[in-house]
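Working notes for the structure below.
In my numbering, the protein residues as written are 626 to 822.
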C-alpha cells in the first residue's frame with residue numbers, strides 16, 4: 626500500500642510542477658514578457674509567430690529524436706541571446722545546425738569527418754547520399770544556396786573570426802535571423818530524417 630501512495634504522490638507532484646510551469650508561461654504571455662519556459666530553459670521570444678511555428682518545433686524535434694548535441698547547442702544559443710551576447714548566440718546556432726547534420730550523417734551511416742566537416746561539406750554529404758528527395762532538386766539547390774550563404778556566412782562575417790582592433794557589434798535583428806534560420810533548417814532536416822526512418 627505504501628508503494629501506491631508514493632507513486633500517487635510522485636504523480637501528483639509531477640502534475641503540480643507541470644501545472645505551475647503552464648501557469649508561469651501563461652503569465653509570461655499575459656504580461657507580454659517575451660519569455661517561455663521550455664524543457665528546463667527560459668527561452669527568449671523575439672517573434673511570437675516564429676517562436677510557435679519554428680523555434681518550439683525545432684527544440685521538440687531535437688529532443689524527441691535524440692539529437693542531444695544539437696539540442697544543447699541550440700539551447701545555449703538562446704541562453705546567450707537572453708544575456709545579450711549576440712556573437713555567441715550566432716556561433717551556437719550554427720553549431721546546432723552543423724550538429725544536426727552530423728547526427729543525421731551518423732544515424733544514416735554516411736561517411737563524414739566529425740571533427741573537421743563544416744556546414745558546406747555536410748550539406749554536400751547529405752546531397753550526395755540522396756538525403757533530399759530527388760523531385761525537390763530545384764528547391765534543394767535554392768535551399769543549399771540559402772544554407773551555405775545564410776548561417777555560415779553570417780557567423781563568419783560577424784562572429785566566427787577575430788574581430789581585429791575594432792569591436793564588432795551584432796545587432797539584434799541579425800541574431801534573431803540567425804536563430805530563426807537555424808531553427809527552420811533544423812526542422813526541415815529532422816523532418817526529412819524522420820520520414821526516412
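Beta carbons are placed, not taken as given, at the ideal position from N, Cα and C, and that holds for glycine.
request  = Determine the contact status of residue 735 and residue 749, defining contact as a CB-CB distance below 8 Å.
outcome  = no
request  = Give every residue of the same chain whose Cβ lies closer than 7 Å to the Cβ of residue 814, excluding the five residues on either side of it in the sequence, and list them in chain order.
outcome  = 725, 726 and 729
ask   = Buried or exposed: which applies to residue 738, given that a residue is buried once 16 or more other Cβ atoms fall within 10 Å of its Cβ?
value = exposed
ask   = Taking the continuous alpha helix (DSSP H) assigned at residue 743, which residues delimit it?
value = Counting along the chain, residue 743 falls outside any alpha helix (DSSP H), and DSSP gives it neither H nor E.
Completely contained alpha helix (DSSP H) runs for the region 675-719, where each covers 4 or more residues = 681-689 and 693-707
message = Quick check on residue 630: buried or exposed, where buried means 16 or more other Cβ atoms within 10 Å of its Cβ?
response = Residue confidence is low: residue 630 scores 49 on pLDDT, short of 50, so the model does not pin down where it sits. No coordinate-derived value is stated.
query = Looking at the structure shown, is residue 626 part of a helix, part of a strand, or coil, going by DSSP?
reply = Below a pLDDT of 50, predicted positions are generally treated as unreliable, and residue 626, at 46, falls in that range; no measurement from the model is reported.
query = Hey, quick one: how far does the alpha helix (DSSP H) through residue 799 stretch, first residue to last?
reply = 797-820
message = Please classify residue 642 as buried or exposed, where buried requires at least 16 neighbouring CB atoms within 10 angstroms.
response = exposed
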